[in-house]
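One structure is given here, and the rest of the page talks about it.
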Amino acid sequence: MPDEPDKGSTDREPPVGGTTDGSAAGGRSVPDRHHERLSEQFSDDGTRADIWHGFRRLLPTAEYLNLGYSGRFQSHLVGSPQRRLVDQVGDALEARLAHTDGVPLLDVGCGRGGPALHLHRRLGVDATGIDLVPYNVAVARRNARTAGAPPSFVVGDASRAPFADGAFGACTAIDAIVYVPHKGAVFAEIERVLRPGGWLIATDLLRRDGPESPAVDAFADAWDMAPLWTLEEYRRALEDVGLTVESVRELGPNSIDTFRRWTTLYLGLAGRLGPLVRRLLARWGLDFERVTGQVQAAHEALPRLRHVMVCASR
Ligand SMILES: C[S@@+](CC[C@H](N)C(=O)[O-])C[C@H]1O[C@@H](n2cnc3c(N)ncnc32)[C@H](O)[C@@H]1O
């Protein structure tokens, strides 16, 4: 079991402000309920965590929570596609920074610390991670201690990052901003904490251009994401805060397409061998209806989504 989250000065859990209406409902604002849902999804004992309990049969979710990058979803016994996504980000950093050793790097939505630890090991960056969910930060801290590695992790909302102006030479955000309803506020914070000449490398899920799609909205809701943006909306929000988008790379053939092969396989099995799948999931403590509902929502939305790596400079 991970440690209890450190109740340090950054463990304030401020409410999300921004584009959701923030109106009170049952005594809690819309942003508060969004935070609560994220916490329920990403904390191990959360009521919405079943899908991650399922993924952990295939993937090293004690370190990584991203969509991965691989032609095949391989078991973590033979290599982690999720670490491979971090390697794509590492390659982009290496190509843009004059040197990486000792460069202060902020990983936004750091999850369980795998990306910051891997980037530190591979590039020598001086990594700090921030994540909204105390459970993830507790696991990240434990992972850093186990590895004897220096990256530090703080609990907090990236839209109110507790760091000084210009504190970082680089920021990464790996499949994290998609969960944020107020992306502009997070981008403004990233711009503020980056030094002039610093880089943001973000991987994210976006919706394809075209009319809004109920399948995409249903997917975002089922997976506790904010409503998905198009690339144009994402790019405009980055440029509105003064960041310059230098490149956009499509990752989908190695992430979305792979994931859809798995959703196809799962739904095929659940359709033909429902009682067996239900029993297997129950043995793992997973709720068949909840898991199948989330997989179905993803399956229907994936063809309308793109997964991109955006590189932007300050
Ligand atoms: C899909 S996980 C990816 C985690 C990590 N980047 C990785 O690659 O393993 C998304 C993470 O973003 C975090 N997150 C969502 N909204 C956030 C916010 N406003 N501030 C900080 N972290 C946030 C979630 O708690 C979650 O850990």
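Numbers 1018 to 1331, taken from the working numbering, label the letters of the sequence shown in order.
The beta carbon of each residue, even a glycine, is placed where N, CA and C say it ideally should be.
Computed from a prediction, not measured in an experiment: that's the story for all the values here.
- It is roughly 20 angstroms from the alpha-carbon of D1192 to the alpha-carbon of P1121.
- Under DSSP, F1276 takes part in no beta bridge, so it has no partner.
- Per DSSP, G1227 has no beta bridge partner at all.
- Counting along the chain, the unbroken beta strand (DSSP E) around R1266 starts and ends at T1261 to E1267.
- Cβ-Cβ separation between L1123 and F1204: approximately 13 angstroms, too far for a contact (criterion under 8 angstroms).
- When DSSP states are grouped into helix, strand and coil, F1236 belongs to the helix group.
- The way I'd put it, the segment 1246-1266 does touch the segment 1314-1329; three or more beta-carbon pairs between them come closer than 8 angstroms.
- Straight across, the Cα-Cα distance linking A1235 with A1314 is about 6 angstroms.
- Of the heavy atoms belonging to ligand 1, at least one sits nearer than 7 angstroms to the Cβ of G1128.
- Relative to ligand 1, even the nearest heavy atom lies 7 angstroms or more away from the CB of V1325.
- With respect to R1323, E1267 sits close: the two C-beta atoms are nearer than 8 angstroms.
- When C-alpha distances from P1198 are compared across D1174, R1225, I1273 and P1244, the shortest belongs to P1244.
- The C-beta separation of L1149 from L1055 comes to about 6 angstroms, placing the pair in contact by the 8 angstroms criterion.
- With respect to the 8 angstroms criterion, R1100 and G1130 are not classified as neighbours on the basis of their beta carbons.
- A direct Cα-Cα distance of roughly 12 angstroms separates Y1152 from G1173.
- R1224 sits buried, since 16 or more C-beta atoms from the chains shown fall within 10 Å of its C-beta.
- With respect to the 8 angstroms criterion, F1170 and V1154 are classified as neighbours on the basis of their beta carbons.
- If you compare the alpha carbons of A1190, A1161 and G1288 with that of C1127, the shortest gap goes to A1190.
- Of the candidates D1304, L1114 and R1321, D1304 places its Cα closest to the Cα of H1070.
- Rounded to the nearest whole angstrom, the C-alpha separation of D1118 and R1074 is 35 angstroms.
- A direct Cα-Cα distance of roughly 42 angstroms separates T1064 from P1213.
- Between G1146 and A1133, the C-beta gap is smaller than 8 angstroms, which places the two residues in contact.
- Beta bridge pairing from DSSP links H1324 with L1222.
- If you draw a straight line from the Cα of H1051 to the Cα of D1182, it comes to about 28 angstroms.
- For ligand 1, a non-hydrogen atom lies closer than 7 angstroms to the CB of I1191.
- Short of 8 angstroms from the beta carbon of F1072, and not among the five residues preceding or following it, lie these beta carbons of its own chain, in chain order: T1078.
- A straight line joining the alpha-carbon of G1302 with that of L1136 spans about 34 angstroms.
- Using a cutoff of 7 angstroms, the CB of F1059 counts as near ligand 1, since one of the ligand's heavy atoms is closer than that.
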